Structure formats: structure tokens, C-alpha cells
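Numbering (my numbering), first residue to last: 52 to 562.
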């Protein structure tokens, strides 16, 4: 039985309608807003003029720069630099028109509120989700059309012009996909900002939290295009595929966040942005001392540690996800080490006893407290950086930054096995202190991951602010009760015991 769905007529949608009918109904209503917004945007010459310039004039400028730069570096025998500059400029041609999307997206809600045209829009029978999706699509379509048009003009001029560039099709597909997902990330982030601020000026100031990360990402992508060993691969650059997947995840999280915190009543009623820092800190301190989610304070250390273990239990799937990422990182490091071009070619006849003698000179020297603190600082600053970045990346940074070390460990293990050494000394060097350090680091990364991701799905019955405050308190509990003591104990073992164990293993014939 086919269900006929009429936009804005919710009575025609039966309660038992399938997901396809509900999706069709939601998108039909959302597109009503999209058509209205796009039509208004194309009537504004202040938007049309930059779009036309960036679509038809900027590509020719980029093509001129590419040709002159290729000739310049060719004079120094560095043709490869000029060749790899061309796809980078193609990405830049696509990125610049997207910058217009910030202007449109930041105006979606707060701009209409200042123009006093928001009340009629919010009084429509559209749901929050339909309204939010419609506004998001409207902010993305004009600049994205300009971006794709500019890239097409630039690509045609390169292929048919004096440069005569013949790129790998997969690389062109990657650059187009990067442009689309970057537009989605910027628009979804800007719409979130627009729905939560009370003035266009405040929205423009907060837009720096979108522009700066995207600028840094562009720099990372440029480095990848210049230095990646698989630049000419017919399957595209592997690192760029990873970036595309990561940004798709970010788009999903931003959409979920924006839709979950969007509230038309609050949007109309809020007239000034307020931040009561003292109240926020007081609530975080209360949740840090608490033994449950209600903020009940602990009466003694035993009860407080009960709250610590309760916070660990509340991490739930975050622990398993983080542990899985660590395992994947180790396996990935091992796999990279198996590739011939990445192998270290260690000597096959190395003497482990000689290595033990050299290490023994250092282990005979008393290890100072400074060494212990240095080890703690090395681990602690990585976890602290992961925590801070996780707050601004929905937790993604926590499961990218911390497992990197274990990818290196997997790589080193593979080199030892390839060289034919007995890996016992590696097990001794890693597991002596790692039995404590590894679980502690996984736990800290999981807490950071949950802290960043909780705003996309607050606990039931809590607002985003309440859920985030709860997560901060639980994270501090875990840090004070388990992570910091665990790092100190692991550092003590690593500084005073692990070197001696490794020397003993090597002396015992580990070669």
C-alpha cells in the first residue's frame, strides 16, 4: 500500500507509516523552507556577486598561478612540486566559495530574529527537525553550487589549457568529496552557532571556532597531497579517504547536536547571552564530589571511590569503542611495518648480549625522581591535550591522538619480527609497566571521548548543559581517583623496574 504524503499535512501521515514515508514527509516539509531561503539568497546581489566572481574569475587566476609556478619550479628540476601544487589549488578553488556559506548560515536564525521575521516562520506547523534541516540545506546549496562550478571551470582550463594536466580520476573524486563534506561541516556548525546566539555580532565572533579548525584541516590536506607516497595511486590518497570519513562523522554529530538543542521557544525568548561561570564551576565541583548522578556528596573517601567506579561504569560503550580503536591502531602499525617500503632493515646478526651490556650501564645509574616526573608528564600532556581537543571535536580527538603511540609500537614489533629477533625483550619492556599504564590510558581516553560526545546525546531527562556538567564531574573523578595514581605507579615501574627487567631478559639470551 502506497502512502501519499502531503507536506505540512501531518494528518495524512498514519502513526504506523514506514520510515520511508516519514523521511519523505520530513524532507518534503524541510524543502519548503529550503526553496524559500534559496530564492531569497539569489535575490540578494551581495551574495550573487561573490558567487559569480569566485565561480568564473577565481579559477582562471588559480590556473594562471599554477602555470607560472609549474614553470618556475621546473627551472630548478622540481617538476614534482609543481605537479602536486595543481590538485591543491583545485581544492582551494572549491574551498573559497564555501566561505560564503558561513555568512548565510550564521544568518539563518539569529539574522531573521534581528530582522523580526523569525516569529512567523517559527509559528508554522513545521517540526524542529524539519525547520532545522530546511535552514541547513538552504545555507549550503548556493555556495556549494558556486564551489562545484568553479572547480569545473578550473579543471577544464587545466585539462584543455597549456598545463595539460591528466589527474587520476580517484584524486579528482576525493577533492570534490572533500569540498562537499567541508561545506557540510562549516554549514552545520554555523547553523548550530546561529541557533544558540542572540545577535549576529556574537555569531560572527563564535564563527572563529569553525574557521580556525577548517583552516588547519586545509593545511593538513595540503601536506598530505605533497608528501603522501600514494599520491599517484589509481585508488586515491589513503589519508584523504580517512579525512573524508572523519568529516562525515563530524557532520552527523553536528546535525544531531543542532537538532537536539534547537528549541524555538528558547530562541524567541532569549534576548541576551549570559554565562554564570561561578555557577558552572560550583556545579562541576558538586558533581566531582558526588557519588551519583543526582550530586549526592560523598561522606568519606570510601564512598567517593564508590562514585569513581560508578563514573567508570557510566562510560559504558565508550570504553569498548576506545579499546577497539587502540587494537586497530596497533594492528595498523603492524601492517604498515610489513610493507617493504616502510621496513627499517635491521641487521640480522645483532647481539642481544651486547645490547644488554650497553643498557646495563644506564640501569646501574640510580634513576632520579626527575625521570619519574618526566615520564608522568610525557603521558599526562598527551592525555590532557586529548581531553581539551575532545571537547571541541565531539570526542573524536581522544580516539585519534592517544592511540597513535600504539600504532608506533605495533610498527616496532613488526620490525623486530621481520629481523628475526626474539621479541621477549619487547614484551618485557612494554608489559612490565604496561599492565597498569595501558588500561589507565584507555580509561582516560574513553572518559575524554564520552565528555566530547555527550553533547550530541545528553542523558535522558537532562539538558545539554546538565549532561555536560555531569560528564565533566565524572571525568574529574576518574582522573583524580584512577588516572593520576595509575600514571604515577606506572611511571615508577617504568623508571626503576622496567630497564632492569629488559636487561635481565636480554642477558638471558633474548637474541
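All residues carry an ideal CB built from backbone N, CA and C; glycine is no exception. The structure presented is a predicted model; accordingly, all values stated were derived computationally and were not measured.
| query | result |
| --- | --- |
| Among residues of its own chain, excluding the 5 on either side of residue 369, which ones have a beta-carbon nearer than 6 angstroms to its beta-carbon? | 497, 500 and 501 |
| What is the rounded straight-line gap between the Cα of residue 255 and the Cα of residue 157? | 7 angstroms |
| Excluding the five sequence neighbours on either side, which residues of its own chain have a C-beta within less than 7 angstroms of the C-beta of residue 423, listed in chain order? | 542, 543 and 546 |
| How about the segment 237–244 and the segment 137–146: do they share at least three Cβ pairs that are nearer than 8 angstroms? | no |
| Return the first residue and the last residue of the alpha helix (DSSP H) that residue 208 is part of. | 179–211 |
| Determine, using beta carbons only, whether residue 276 and residue 109 come nearer to each other than 8 angstroms. | no |
| Determine contact between the segment 331–347 and the segment 258–272, defined as no fewer than three beta-carbon pairs at a distance below 8 angstroms. | no |
| Determine which residues share a DSSP beta bridge with residue 341 and list them. | 348 |
| Is residue 255 helix, strand or coil by DSSP? | helix |
| Does any CB atom of chain C fall closer than 8 angstroms to the CB of residue 186? | The question asks about chain C, but that chain is absent: this structure has only one protein chain. |
| Who are the Cβ neighbours of residue 102 in its own chain at under 6 angstroms, not counting the five residues just before and after it? | 197 |
| When burial is assigned at 16 or more other CB atoms within 10 Å of the CB, is residue 382 buried or exposed? | exposed |
| Given residue 549, which residues of its chain have a CB within under 8 angstroms of its CB, disregarding the five upstream and five downstream residues? | 479, 480, 483 and 484 |
| Cα-Cα, which of 435, 436, 292 and 503 is closest to residue 446? | 503 |
| Quick check: what's the CA-CA separation for residue 341 versus residue 536? | 20 angstroms |
| Please report the distance separating the alpha-carbon of residue 440 from that of residue 308. | 17 angstroms |
| Taking all protein chains shown into account, decide if residue 267 is buried (16 or more other Cβ within 10 angstroms of its Cβ) or exposed. | exposed |
| Using only the alpha-carbon positions, how far apart do residue 99 and residue 155 sit? | 12 angstroms |
| Tell me the DSSP secondary structure of residue 159 in three-state form. | coil |
| Are the Cβ atoms of residue 93 and residue 193 separated by less than 8 angstroms? | yes |
| Measure the Cβ-Cβ separation of residue 493 and residue 374 and say whether it is below 8 angstroms. | yes |
| Mark residue 471 as exposed unless 16 or more other C-beta atoms lie within 10 angstroms of its C-beta, in which case mark it buried. | exposed |
| Would the beta-carbon of residue 525 fall within 8 angstroms of that of residue 338? | yes |
| Report yes if the CB atom of residue 180 is closer than 8 angstroms to the CB atom of residue 310, and no otherwise. | yes |
| Kindly give me the distance between the Cβ atoms of residue 209 and residue 137, rounded to whole angstroms, as I take these residues to be in contact under 8 angstroms. | 6 angstroms |
| My assumption, with CB atoms under 8 angstroms, is that residue 361 sits in contact with residue 349. Please give the rounded CB distance. | Incorrect: roughly 11 angstroms between the Cβ atoms, too far for contact. |
| Look at the Cβ atom of residue 516, then the Cβ atom of residue 510, and state whether they are nearer than 8 angstroms. | no |
| Measure the Cβ-Cβ separation of residue 538 and residue 427 and say whether it is below 8 angstroms. | yes |
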